[in-house]
Amino acid sequence: MDQALASKAAPGSLEAEIANRRTFAIISHPDAGKTTLTEKLLYFGGAIRLAGQVRARGERRRTQSDWMAIEQQRGISVTSSVMTFQRDGVTFNLLDTPGHEDFSEDTYRTLTAVDSAVMVIDAAKGIESQTLKLFEVCRLRDVPIITYINKVDREGRDPFELMDEISEKLALDVAPVTWPIGMGTQFKGCYNLRDNVVLKPKKDGAGAFDAEERVNGIMDPKLDDLVGDPALMEQFRSEADLASTALSPVDPVAYREGHLTPVYFGSALRDFCVGDLLDGLGAWAPPPRVQPAEPAPVDPTEDKVTAFVFKVQANMDPNHRDRIAFTRICSGRFKRGMKLNQVGTGKSMAVQAPIFFFAQDRDIAEEAFPGDILGIPNHGTLRVGDTLSERTDVKVTGLPRFAPEILRRVRTGDPMKVKQVRRALHDLSEEGLAQVFKTRLGADWIVGVVGALQLDVMIDRIKAEYKVEIGFEGSPYAAARWIHGPRDKVEEFISKNSSQIAEDNDESPVYMAKSAWELNYTAERWPDLTFGVTKELV
Ligand code: G4P
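Start counting the sequence shown at 0; every next residue gets the next number (numbering that gives the first Met the number 0).
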């Protein structure tokens, strides 16, 4: 539809720019091949020349500050970034999501800023726990998924078994696009069932594919010459025939509605079916969608620019206390210098130095369109969840804040450094790394995180960036819940439970329960109130 839409829209018009944008993320379990695939997508998208650059750049960046060392030690990717590239007239914005489950909160927010996702699965492992979790977030947000089954150059599970697993575990129809010709030691290439193109490995079996040959369907005798293994060809033909007849064809509408996933078998390391995947994204993935907002959803074609901040990263450059607010454009044509209202605060800001992120560079963005991600440097004025708009009456909704599962009391060593600690906790909380609650009585700081690794990151960053050492100790609380309900009831509750009330960064009241039992008991005794697991960011 979008190619059609794009061809109808006047070149350079807002409609044409929208139709040509694909903003997506890659979701996977650690080690499935997300980094490798990212790198190869950038390579096929012409954004990098040599494979290996993403990693090399990552390593350089990692040496920049102590906390990045955690990433290195544990072999996980903590930061997330944005990479823009173009192919065949389509602009792709790839949002990197941190792969480790400890950082799921950040990942969830990143998924609020994409229109579709690529799910990478290891052919030997199938669907793993983290993939499933992230898939569920995508489903919740109606984000359609294309599946890439990676590492077919290694021994993997039977392709039909993998297809069945996706179909059963995710309740999706599966539509094969590329199919492997053998796997592991038997691997002889991949076949594009729609285009009838075969990708053939080099003779010595190493490195990237050698040739891309168009054939006349799976029965074409040319295939026998190309593959040169009669027994394997027989097996491939029967599999490909079954795959084409028994499984669904790609139905773009069913895909966009979240009922079907196109499936690519490939090898990111050896370049198999990475170009095919990009073609699929260009052809089927949805362009920027209507954004949930109040008082009404925001349509990307609206004249007025509306955008929202889904991530804030502080201290990207350790020499400057800068913060970058990652901001997704939802509607309109953004121009540098434009004045946008920070809705809800009554403030407005001229966006003078917005940044586009490429694979290796950043550049000043002169113009941006719906689906694009701008980095807006600021000194702490912009926060996750903020709406920026030419309008004053719109608020983008749907960015959740999660109740932390781990609560710890902050231990500060040096009483002279309380101010720095307060500043550091405030900053990191605004960045979304952790939630910080200040108890009303006793004035303890309680830090809440979704995963334990975040605590280590906080200690390291506060030491590196604020020059203060902090530690964490057990807290008497087991759960923090936002209190919602009629104002008088909330006030009554707070006054009767003052020893267990804290405030979050926005001064919203939070009930600190000492056990799950106490939480249930309290909820039963106060039926007019709800004790929220999430708080929508405002
Ligand atoms: P992640 O970001 O999802 O955690 O995965 P990453 O890309 O780092 O890949 C994990 C490992 O799997 C890496 O090996 C990578 O080389 C390998 N890999 C990725 N794609 C393929 C593929 O298509 N085929 C094969 N055979 N291997 C693949 P490593 O030994 O852990 O790291 P490295 O030393 O190669 O960097």
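Cβ atoms here follow ideal geometry from the backbone N, Cα and C, with glycine treated the same way.
Anyone know if the C-beta pair for alanine 502 and arginine 439 falls short of 9 Å?
-> Against the sequence shown, residue 502 aligns to sequence position 503. Against the sequence shown, residue 439 aligns to sequence position 440. The displayed chain sequence assigns glutamate, not alanine, to residue 502. Taking 9 Å as the cut-off, the beta carbon of glutamate 502 is found closer than this to the beta carbon of arginine 439.
Can you give me the start and stop residues for the beta strand (DSSP E) that leucine 339 sits inside?
-> The sequence position of residue 339 within the sequence shown is 340, counting from 1. From DSSP, the beta strand (DSSP E) with leucine 339 extends over 338-341.
Less than 8 Å between the CB atoms is what I'm expecting for valine 273 and leucine 40, so what's the real figure, rounded?
-> For this step, residue 273 is matched to residue 274 along the sequence shown. For this step, residue 40 is matched to residue 41 along the sequence shown. Yes, they are in contact, since the Cβ atoms of valine 273 and leucine 40 sit about 6 Å apart, within 8 Å.
What do you reckon, is the C-beta of glycine 412 under 8 Å from a heavy atom of the ligand G4P?
-> As a working note, residue 412 is residue 413 in the sequence shown. Taking the Cβ of glycine 412 as the reference point, every heavy atom of the ligand G4P lies at 8 Å or farther away.
With a Cβ-Cβ cutoff of 9 Å, do threonine 90 and arginine 20 count as a contact?
-> For this step, residue 90 is matched to residue 91 along the sequence shown. For this step, residue 20 is matched to residue 21 along the sequence shown. Going by C-beta atoms, threonine 90 is nearer than 9 Å to arginine 20.
Buried or exposed: which applies to glycine 556, given that a residue is buried once 16 or more other Cβ atoms fall within 10 Å of its Cβ?
-> Residue 556 is absent from the model: the chain starts at 0 and stops at 537.
Is the Cβ-Cβ distance between tryptophan 283 and arginine 255 less than 9 Å?
-> Locating residue 283 in the sequence shown gives position 284, where the first residue counts as 1. Locating residue 255 in the sequence shown gives position 256, where the first residue counts as 1. Judged by beta-carbon spacing, arginine 255 lies within the 9 Å limit of tryptophan 283, meaning their Cβ atoms are closer than that value.
Looking only at its own chain, which residues have a Cβ that is under 6 Å from the Cβ of proline 179, when we skip the five neighbours before and after it?
-> Taking the sequence shown and counting its residues from 1, the one referred to as residue 179 is at position 180. For proline 179, where only same-chain residues beyond five positions count, the Cβ hits under 6 Å are Val151, Cys189 and Phe264.
Where does alanine 522 fall in DSSP's three states?
-> Within the sequence shown, numbered from 1, the residue matching residue 522 stands at position 523. Here alanine 522 sits in helix by DSSP.
What is the rounded straight-line gap between the Cα of phenylalanine 333 and the Cα of proline 296?
-> Here residue 333 refers to the residue found at position 334 when the sequence shown is read from its first residue. Here residue 296 refers to the residue found at position 297 when the sequence shown is read from its first residue. For phenylalanine 333 and proline 296, the distance between alpha carbons rounds to 19 Å.
In terms of DSSP beta bridges, what is glutamate 154 paired with?
-> The residue given as residue 154 occupies position 155 in the sequence shown. Glutamate 154 is not bridged by DSSP to any residue.
By the 10 Å Cβ neighbour count, where 16 or more other Cβ atoms means buried, how is glutamine 85 classified, buried or exposed?
-> On the sequence shown, residue 85 is found 86 positions in, with the first residue counted as 1. When all chains shown are included, glutamine 85 counts as exposed.
Would you mind sorting leucine 222 into buried or exposed? The rule is 16 or more other CB atoms within 10 Å of its CB.
-> Your numbering for residue 222 matches position 223 in the sequence shown. The residue is buried, with at least 16 neighbouring Cβ atoms inside 10 Å.
When the Cα of serine 247 is compared with those of Ala442, Phe530, Lys303 and Asp172, which residue comes out closest?
-> To locate residue 247, count along the sequence shown from 1; it is residue 248. Ranked by Cα distance from serine 247, the first of Ala442, Phe530, Lys303 and Asp172 is Asp172.
Does any CB atom of chain B fall closer than 9 Å to the CB of glutamate 366?
-> The structure shown has no chain B; it contains just one protein chain.
Consult DSSP for valine 176 and reduce its assignment to one of helix, strand or coil.
-> Start at 1 with the first residue of the sequence shown, and residue 176 comes out as number 177. Valine 176: strand per DSSP, three-state reduction.
When the Cα of methionine 458 is compared with those of Leu424, Glu490, Ala477 and Pro10, which residue comes out closest?
-> Locating residue 458 in the sequence shown gives position 459, counting from the first residue. The sequence as given places isoleucine at residue 458; methionine does not occur at that position. Nearest Cα to isoleucine 458 within the set Leu424, Glu490, Ala477 and Pro10: Leu424.
DSSP on leucine 161, reduced to helix/strand/coil?
-> As a position in the sequence shown, residue 161 is number 162, starting the count at 1. DSSP places leucine 161 in the helix class (H, G or I) of the three-state scheme.
Take methionine 82 as the anchor and find which of Arg193, Gly370 and Asp240 has the nearest alpha-carbon.
-> Reading the sequence shown from its first residue, position 83 is the one you call residue 82. Nearest C-alpha to methionine 82: Gly370.
Which one or two residues does DSSP pair with glutamine 290 in a beta bridge?
-> As a working mapping, residue 290 is identified with position 291 in the sequence shown. According to DSSP, glutamine 290 bridges with Val297.
Check each candidate in Asp298, Pro414 and Ser266 and name the one with the smallest Cα separation from phenylalanine 368.
-> Indexing the sequence shown from 1 puts residue 368 at position 369. Distances from the alpha-carbon of phenylalanine 368 to those of Asp298, Pro414 and Ser266 put Asp298 closest.
Out of curiosity, what's the CA-to-CA distance linking asparagine 195 and asparagine 215?
-> Locating residue 195 in the sequence shown gives position 196, where the first residue counts as 1. Locating residue 215 in the sequence shown gives position 216, where the first residue counts as 1. Each residue's Cα considered, the two are about 7 Å apart.
Any heavy atom of the ligand G4P closer than 8 Å to the Cβ of lysine 199?
-> Along the sequence shown, read from residue 1 onward, the residue named residue 199 stands at position 200. No, the beta carbon of lysine 199 sits no closer than 8 Å to any heavy atom of the ligand G4P.
Just the Cα atoms here: how many angstroms apart are threonine 391 and leucine 13?
-> Residue numbering aside, residue 391 sits at position 392 when the sequence shown is read from its first letter. Residue numbering aside, residue 13 sits at position 14 when the sequence shown is read from its first letter. Rounded to whole angstroms, the gap between the alpha carbons of threonine 391 and leucine 13 is 22 Å.
N- and C-terminal bounds of the beta strand (DSSP E) containing isoleucine 17 | Position 18 of the sequence shown, counted from the start, is the residue given in the question as residue 17. First-last for isoleucine 17: 13-18, but that is the alpha helix (DSSP H), not the beta strand (DSSP E).
Going by the CB atoms, is the gap between phenylalanine 355 and glycine 374 shorter than 9 Å?
-> Translated into the one-based positions of the sequence shown, residue 374 becomes position 375. Translated into the one-based positions of the sequence shown, residue 355 becomes position 356. Contact check for glycine 374 against phenylalanine 355 passes: the beta carbons are separated by less than 9 Å.
Thinking C-alpha only, which one of Leu387, Pro403, Leu427 and Leu276 is nearest valine 311?
-> Counted from its first residue, the sequence shown places residue 311 at position 312. Ranking the options by Cα distance to valine 311, first place goes to Leu427.
Classify valine 448 as helix, strand or coil using the three-state DSSP reduction.
-> Walking along the sequence shown from the start, residue 448 turns up at place 449. DSSP places valine 448 in the strand class (E or B) of the three-state scheme.
Can you have a look at asparagine 519 and say buried or exposed, based on whether 16 or more other CB atoms are within 10 angstroms of its CB?
-> Along the sequence shown, one-based indexing puts residue 519 at 520. Exposed, since its Cβ has fewer than 16 Cβ neighbours within 10 Å.
Between the Cα of threonine 344 and those of Ile363, Asp385 and Glu135, spot the shortest distance and give me the residue it belongs to.
-> For the purposes of this step, residue 344 is identified with residue 345 of the sequence shown, where counting begins at 1. Nearest neighbour of threonine 344 by Cα position, chosen from Ile363, Asp385 and Glu135, turns out to be Asp385.
For alanine 546 versus methionine 162, is the C-beta distance shorter than 9 Å?
-> No answer is possible for residue 546: the residues shown for the chain start at 0 and end at 537.
Whole-angstrom Cβ separation of leucine 192 and alanine 253, contact assumed at under 8 Å?
-> Numbered from 1 along the sequence shown, position 193 holds the residue referred to as residue 192. Numbered from 1 along the sequence shown, position 254 holds the residue referred to as residue 253. Taking the Cβ atoms as the reference, leucine 192 lies roughly 17 Å from alanine 253, outside the contact range of under 8 Å.
When DSSP labels each residue in this structure, what does glutamate 365 get in the three-state scheme?
-> On the sequence shown, position 366 is the one that residue 365 refers to. Assigned with DSSP and collapsed to three states, glutamate 365 falls in coil, not helix or strand.
Alanine 324: which of Arg335, Ser330, Thr380 and Asn92 sits nearest, CA to CA?
-> For the purposes of this step, residue 324 is identified with residue 325 of the sequence shown, where counting begins at 1. Checked all of Arg335, Ser330, Thr380 and Asn92; the closest Cα to alanine 324 is Thr380.
Count the other CB atoms within 10 Å of the CB of aspartate 87; is the residue buried (16 or more) or exposed (fewer)?
-> In the sequence shown, counting from the first residue as 1, residue 87 sits at position 88. Burial call: exposed.
Anticipated Cβ contact below 8 Å, isoleucine 469 with isoleucine 482, distance rounded | The residue labelled residue 469 in the question sits at position 470 within the sequence shown. The residue labelled residue 482 in the question sits at position 483 within the sequence shown. About 28 Å; that fails the 8 Å criterion.
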